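Protein chains in written order, with my numbering: chain A, 1 to 257; chain F, 258 to 271.
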Amino acid sequence: MFEARLAQGALLKKVVEAIKDLIEDANFDCNSSGFSLQAMDSSHVSLVALSLRADGFEHYRCDRNVSMGMKLASLSKILKCANGDDAITMKSEDNGDTITFMFESPEQERLSEFDLKLMDIDSEHLGIPDNEYDATVKLPAAEFQRIVKDLSTIGDTVEISVTKDAVKFGTTGDIGNANIMCRQNKAADKPDESTEIDINEAVSLTFALRYLNSFAKATPLSTHAVLKLSKELPILVEYHIPEVGRLAFYLAPKIED
Amino acid sequence: AAQQASITAFFGAS
């Protein structure tokens, strides 16, 4: 059987809210090392990779590897019934056709159980090469969210250019153009506001803002978003979930003909 | 204009 208890149930709520508009349904894979998901959006332009480590759960048991297909909209409906401070336990019998979500309030005066029907989903598992990236930018998650939101009011795509000291986000649209530059800033007294750039080679790539805006829904999960870029490769946008795991998004670039 | 690449062009089936 599979059973996992997350004391901070809100994390699971935030993860599902972050991905439910990007992917319709997905297989959640559970094994002894943790709970994970890999899924592409319906246009096969982006890929979501979630991994929650077994040791990030208060209690974790997985007797055999299981893959549980769920419709994200249904999962979201159920998790919306959990309070933000509830602990969430997921349970499923081997070969079961449902997964049970149990919500416990902090004083345990309220216990609720919701069963979600599992689905058979044919999904393609992609091999993600373990690249060394040309540039890594770690910036406050809220700042990244604001940049992609603001630029979306002007254009559809963003050119992200990283140099040694700064990262520049630029867009062009019918009404004009916009550029936002963030300089490296390792403020030791305000670590949550730091912007750090680690670069092997200057890089500049263009991406669809619509997807980056969707990825930014993961902002509540982490203080920082980490962007990893290499020439002519998908961008990796990572949100580290402290002590539990990470939610990562890959987006294929726009390429000149 | 720039064309949107597919993610499967970069990451093969495993």
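A virtual CB, placed ideally from N, CA and C, is assigned to each residue, including glycine.
Just so you know, these numbers come straight off a predicted model, no measurement behind them.
Is residue i helix, strand or coil when you go by DSSP?
| i | result |
| --- | --- |
| Q145 of chain A | helix |
| A259 of chain F | coil |
| K14 of chain A | helix |
| S112 of chain A | strand |
| N213 of chain A | helix |
| S204 of chain A | strand |
| L50 of chain A | strand |
| I121 of chain A | coil |
| D25 of chain A | strand |
| T172 of chain A | strand |
| E193 of chain A | helix |
If residue i sits next to residue j, beta carbons under 8 Å apart, how far is it from one beta carbon to the other, in whole angstroms?
| i | j | result |
| --- | --- | --- |
| Y133 of chain A | S36 of chain A | The pair is not a contact, with the Cβ atoms about 22 Å apart (cut-off 8 Å). |
| I241 of chain A | L11 of chain A | 6 Å |
| V226 of chain A | E243 of chain A | Between E243 of chain A and V226 of chain A the Cβ distance is about 17 Å, and since that is not below 8 Å, they are no contact. |
| I258 of chain A | V137 of chain A | Given that chain A is displayed from residue 1 to residue 257, the structure contains no residue 258 of chain A and the question cannot be resolved. |
| K254 of chain A | Q261 of chain F | 6 Å |
| L118 of chain A | T98 of chain A | 6 Å |
CA-CA distance, residue i and residue j?
| i | j | result |
| --- | --- | --- |
| F28 of chain A | L52 of chain A | 11 Å |
| S222 of chain A | Y211 of chain A | 18 Å |
| P140 of chain A | N95 of chain A | 42 Å |
| D156 of chain A | G170 of chain A | 11 Å |
| P220 of chain A | K14 of chain A | 7 Å |
| L47 of chain A | A39 of chain A | 6 Å |
| K164 of chain A | D130 of chain A | 23 Å |
| K168 of chain A | N177 of chain A | 13 Å |
| D257 of chain A | T206 of chain A | 13 Å |
| I23 of chain A | S43 of chain A | 10 Å |
| N213 of chain A | K91 of chain A | 33 Å |
| L72 of chain A | A82 of chain A | 16 Å |
| L111 of chain A | M102 of chain A | 7 Å |
| D122 of chain A | I264 of chain F | 18 Å |
| P106 of chain A | A135 of chain A | 43 Å |
| A248 of chain A | G34 of chain A | 16 Å |
| H59 of chain A | K217 of chain A | 28 Å |
| D150 of chain A | I175 of chain A | 14 Å |
Less than 8 Å between the CB of residue i and some heavy atom of the ligand HEM, yes or no?
| i | result |
| --- | --- |
| L212 of chain A | With respect to the ligand HEM, the structure offers nothing, as it holds no ligand at all. |
Kindly indicate if chain F contains any beta-carbon less than 9 Å away from that of residue i.
| i | result |
| --- | --- |
| K228 of chain A | no |
| S152 of chain A | no |
| I23 of chain A | no |
| I121 of chain A | no |
| M1 of chain A | no |
| L47 of chain A | yes |
| E256 of chain A | yes |
| Y250 of chain A | yes |
| E124 of chain A | yes |
| G127 of chain A | yes |
| A178 of chain A | no |
| T172 of chain A | no |
| L236 of chain A | no |
| A208 of chain A | yes |
| E37 of chain A | It is worth fixing the name first, because residue 37 of chain A is Leu in this sequence and not Glu. Not an interface residue. |
| M102 of chain A | no |
According to DSSP, residue i sits in a beta bridge with which residue or residues?
| i | result |
| --- | --- |
| K77 of chain A | Per DSSP, none; premise fails for K77 of chain A. |
| P140 of chain A | A:H224 |
| S92 of chain A | A:F2 |
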